[in-house]
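The structure appears right after this line, and notes come after that.
Residue numbers (my numbering), protein chains in the order written: chain A, 790 to 904; chain B, 262 to 788; chain C, 177 to 296; chain D, 52 to 199.
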């Protein structure tokens, strides 16, 4: 089962992984620039795009991004996703009906066009 | 013939419940236990028969042959039980039996109990009917019996606003979905003039028109609602927490399986067989492109397992968390069925179907256990808010132990039964398309996060709410411990069960040689 | 060429769906549910009613002496199906009424958009 | 809890309730010969019951209607239906053994004493539907008094 071409397959998977991680890094770089809250109203500026508000002892982070940034970016992204999902669950009967009709429309469209 | 007793016994129990309840106060509860126990025995017998002989049982209502007088096609209602149906009937009867025993202690303080037990038996009857029927209108009737019983049971505690609101939402949208299924049946009947599933399969293969495709779309749409796939999962998250916990265990463990994914699998593989249509297309004959429906199911499955498990992470209500986790697990089952449709006839497809069937059984047991645990906590402590429940482990050790086993099994830790089924689904989806396997693993990560939260809550510092808590009574502990024992035993021999039961079941469902149709054709004779 | 009764049936279904999407009163929603069911019943019952050689079919009641020789019969199966479906519809209707009364008791309104305490 | 209905309504109700009941009984018992059957006849008889509740008020109905008896009768109707369906179990569930070789109800088609188990089933279903619908309507009629 495991043959010569499977090695190429792993290479292909590895390349896709590299591309995905590069995109993830770019995205995290963009997302993690900014603020995050730590407590009552205090904000920490991880990367100083706003020089006036950079808190002391964190200046060295300006212009850099680290693994921590990626992590923060991921956490913020996931958190935003949760918020979107929760907001989507409105509890309105009309919405439930609309989702049911949309589902049936998707299946119907797929089957009529491709079936 | 033992097959009709699968319907007769719960029906008899439900009809005789008002009369029995006149006799005494306690008798109706024991009567419900006896009736569901007898159903369990019958279903075990049927499962053993089908598994031993490896043949499909075809039973005709009202006569000894499904063929009408003077005509060459089936006109009677038939029940057609293959291994998949028999396995699900066994699971349904088992979990239903445990839920009835659990209700003895859990529902002790409620009124109107004879209606409760009548409805619970009717719910069981509807699900058993769905899994044994071979007639599509009969399927609709049993689906509606099951649905109406579950609407009523969700709203059973009508003195709370939660049950009523969840019941109304479930009922209105659920009836709309049922109407769409009926519309699909009407279209199929108008086009092909028959209602027997296996004969319908032949007729559709002879002349697959646009009407058949539209009917298939209505079926799939309505049944995705009934199984709680993602854009239409919201009733599930509302209804399961609002119902009494023994009912939540049945709803989450059985109803979304029997009325949802089982029916999807039966319609996709029984009426529109992918192999049959691929064979027709190879000869340039008109056929339904079943790959499209496979990709539709896979699409909704991926959505379901991501969103369901992710929503479980952010809940504060314990039963709501379990309900969203059910949505996520339905995603795995649908993924298995979708890959089974796409990779029909190959090793990956067979494995995926076996994994889906295995996961149906495993999830029914595990989620029933988890909801029973939640019910025990609610019964003893009076709240289901996770923020108020910390430190339960010291006060209720047996309940916490059951929860730990259930949580570990549903995440898929190796020595327990959830691991085997999930592993088969990952493996087969990786064989078909690695991206799908990656999505499935991401879903499991969310699931792990959700259950870790509950576990930390149970093991944490003691809060004020639980100072007085103690273990529930025996009739509630025993079903939980039975489920724990079954989960551990099934976890110890995963591959044996998979090879002996699940793979033959998947083969029979897949019907590479058209066994489901052949069982009927035997009567027609060379048609 | 689509027969008129099929168009009517689907029109009824779409009217029900419209009411489901745009009406807010629970009683109207129950009516919408029944309207959809009635549309499907009309579709089903008209499936059994086909002209054969230009002769209108008669009801399939066996009385032994009244049936005209050679008169086609309407399909009996759709009638049985519709009857079953009507019984199911009555069950759903009565349960919906009971739930609506209970909802009015808890919420003091029949507006379905006010019934949204379960969310998130 | 006195009824608000006037003399005309009450008199008309007194006159028509037996007639509606008789017509419903006719529909039930001739279910295998003419259009109709257990469900339709039972619903018709339940119409008479609803007319009773409307004309004479819930208070009067409460005295006449025994809820647990109705519930037991509903169960009895279901049991009779199930039992008749099980008569032919040696061949198949729902096998019409009375029609093929039974002692009763196997007369010439078109007469009242024919059609095997169908008349018995119609009677059972009629009983079940009448008592079930009456219980439902009665429960809903009692319902609006939750505040008092």
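Glycine included, every Cβ here is placed at the ideal spot set by N, Cα and C.
Keep in mind the model is a prediction, meaning the values are calculated, not measured.
In the three-state DSSP reduction, residue 339 of chain B falls in the strand class (E or B).
Residue 801 of chain A is classed as exposed because its beta carbon has fewer than 16 other beta carbons within 10 Å across all chains shown. Closer than 7 Å to the CB of residue 324 of chain B there is at least one CB belonging to chain D. Counting of Cβ neighbours within 10 angstroms places residue 122 of chain D among the buried residues, the total reaching 16 or more.
Here the alpha carbons of residue 470 of chain B and residue 264 of chain C stand approximately 30 Å from one another. Closer than 7 Å to the CB of residue 623 of chain B there is not a single CB belonging to chain C. Residue 213 of chain C sits in a helix when the DSSP states are folded into three classes.
Chain C has no Cβ within less than 7 Å of the Cβ of residue 868 of chain A. The shortest CA-to-CA distance from residue 614 of chain B to any of B:464, B:302, B:345 is the one to B:345. Buried is the label assigned to residue 624 of chain B, since at least 16 other Cβ atoms lie within 10 Å of its Cβ. Taking a beta-carbon distance threshold of 7 Å, residue 473 of chain B does not count as an interface residue toward chain A.
The DSSP assignment places complete alpha helix (DSSP H) segments of no fewer than 4 residues inside the stretch 336–414 of chain B at 344–367, 374–393, in order along the chain. Cβ contact annotation for residue 450 of chain B (same chain, cutoff 7 Å, sequence separation greater than five): 456, in chain order. Between residue 811 of chain A and residue 496 of chain B the beta-carbon gap is near 41 Å, outside 8 Å, which marks them as no contact. Taking all protein chains shown into account, residue 288 of chain B has fewer than 16 neighbouring C-beta atoms within 10 Å of its C-beta and is therefore exposed. Using a Cβ-Cβ cut-off of 7 Å, residue 492 of chain B counts as an interface residue toward chain A, since at least one Cβ of chain A sits closer than that to its own.
Interface flag for residue 187 of chain D against chain C is set, since a Cβ pair is found closer than 7 Å.
A direct Cα-to-Cα measurement between residue 142 of chain D and residue 168 of chain D gives close to 15 Å. Contact note: residue 270 of chain C reaches chain D through 187, using a C-beta cutoff of 7 Å and chain order.
The beta carbons of residue 642 of chain B and residue 730 of chain B sit closer together than 7 Å. Residue 373 of chain B is classed as exposed because its beta carbon has fewer than 16 other beta carbons within 10 Å across all chains shown. When secondary structure is reduced to three states using DSSP, residue 225 of chain C falls in the coil class, being assigned neither helix nor strand. The beta carbon of residue 419 of chain B lies closer than 7 Å to those of 425 in the same chain, with the five residues before and after it left out. Going by DSSP, residue 263 of chain B is part of no beta strand (DSSP E) at all; its letter is neither H nor E.
Taking a Cβ-Cβ threshold of 9 Å, the residues of chain B close to residue 283 of chain C are 422, 425, 426, in chain order. By the Cβ test, the stretch 283–291 of chain C is in contact with the stretch 873–893 of chain A, since at least three Cβ pairs between them sit closer than 8 Å. Cβ-Cβ distances below 8 Å link residue 446 of chain B to 397, 398, 401, 456, 476 in the same chain, with the five nearest sequence neighbours on each side left out; the list follows chain order.
Taking C-beta separations shorter than 6 Å and ignoring five residues to either side along the sequence, the partners of residue 320 of chain B in its chain run 264, 340, following chain order. Straight through space, the alpha carbons of residue 132 of chain D and residue 88 of chain D are spaced by roughly 14 Å.
In this structure, C:213 is the residue among C:200, C:189, C:190, C:213 with its C-alpha nearest to the C-alpha of residue 262 of chain C. For residue 318 of chain B, the enclosing beta strand (DSSP E) begins and ends at 318–321. Flagged as an interface residue toward chain A: residue 288 of chain C, by a C-beta distance shorter than 7 Å.
Residue contact with chain B for residue 892 of chain A: present (Cβ-Cβ distance below 7 Å to some residue of chain B). Between residue 566 of chain B and residue 679 of chain B, the C-beta gap is not smaller than 7 Å, which leaves the two residues out of contact.
By the neighbour-count definition (other C-beta atoms within 10 Å, threshold 16), residue 500 of chain B is a buried residue. With contacts defined as CB atoms closer than 7 Å, residue 423 of chain B and residue 503 of chain B qualify as a contacting pair.
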